[in-house]
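Under our numbering, the first residue of the sequence shown carries the number 4, and numbering increases by one thereafter.
In this text, a Cβ means the ideal position worked out from N, Cα and C, and glycines have one as well.
Each remark here refers to the structure printed beneath this line.
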Amino acid sequence: EYMAASEVYYERHMYAGEKLERPPECDGAPWSQFVYEHMWGPQEFFATGTLVDFDITDRLHEIDVPLLFVTGQFDEARPETVAGFQKLVPGSQFAVIPGAGHATLAKKPREYRNIIKAFLDSVEKQMKQ
Numbered sequence: 004e005y006m007a008a009s010e011v012y013y014e015r016h017m018y019a020g021e022k023l024e025r026p027p028e029c030d031g032a033p034w035s036q037f038v039y040e041h042m043w044g045p046q047e048f049f050a051t052g053t054l055v056d057f058d059i060t061d062r063l064h065e066i067d068v069p070l071l072f073v074t075g076q077f078d079e080a081r082p083e084t085v086a087g088f089q090k091l092v093p094g095s096q097f098a099v100i101p102g103a104g105h106a107t108l109a110k111k112p113r114e115y116r117n118i119i120k121a122f123l124d125s126v127e128k129q130m131k132q
């Protein structure tokens with residue numbers, strides 16, 4: 004029953020209705036389930052690993068480099084929540100990828116890349132001024 008409920012959650016908030024395919028650009032990129040579970044825990048719903056008490060929200064205002072927050076429309080990191088963090092970082096930017104869940108790069112690679120490119124272009128333009 005727990006696993007069935009987890010799959011419903013993943014379908015809505017991770018995959019946004021579609022199973023993920025690993026982008027060819029990510030072939031060979033390292034992934035460690037051991038590290039993930041050590042830091043976050045064995046399931047997505049709440050942290051039980053080493054990050055359980057990690058919270059620097061009150062220090063976000065100290066970030067003084069260009070920063071882009073990106074989330075999917077159906078992300079488990081809800082757009083409203085991410086927008087709240089973005090407001091705490093002066094000069095930061097925020098983007099929502101329509102129709103995407105948590106795995107935005109795998110679900111909407113073109114949109115993801117366009118957002119990242121636009122952000123990097125804006126940073127480069129600012130640096131030249």
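Runs of alpha helix (DSSP H) with 4 or more residues, each lying fully within the segment 34–101, are found at 36–42, 82–89, listed in chain order.
Comparing alpha-carbon positions, the option among Asp61, Asp67, Leu63, Glu40 lying closest to Leu54 turns out to be Glu40.
DSSP, read as helix, strand or coil, puts Asp124 in helix. Exclusion of the five residues before and after Leu63 leaves Phe88, Leu91, Val92 as the residues of its chain whose Cβ lies within less than 7 angstroms of its Cβ. If you draw a 10 Å sphere on the C-beta of Val99, you find 16 or more other C-beta atoms in it, and that means buried. CA-to-CA, the gap between Gln76 and Gln46 works out to about 22 angstroms. Taking 8 angstroms as the upper bound for CB-CB distance, Lys111 and Ala103 are in contact here, some 5 angstroms apart.
Contact between Ser95 and Leu71 holds, with the beta-carbon distance rounding to 7 angstroms and staying under 8 angstroms.
For the set Gln132, Tyr13, Asp61, Leu108, the Cα lying nearest the Cα of Glu28 is the one of Leu108.
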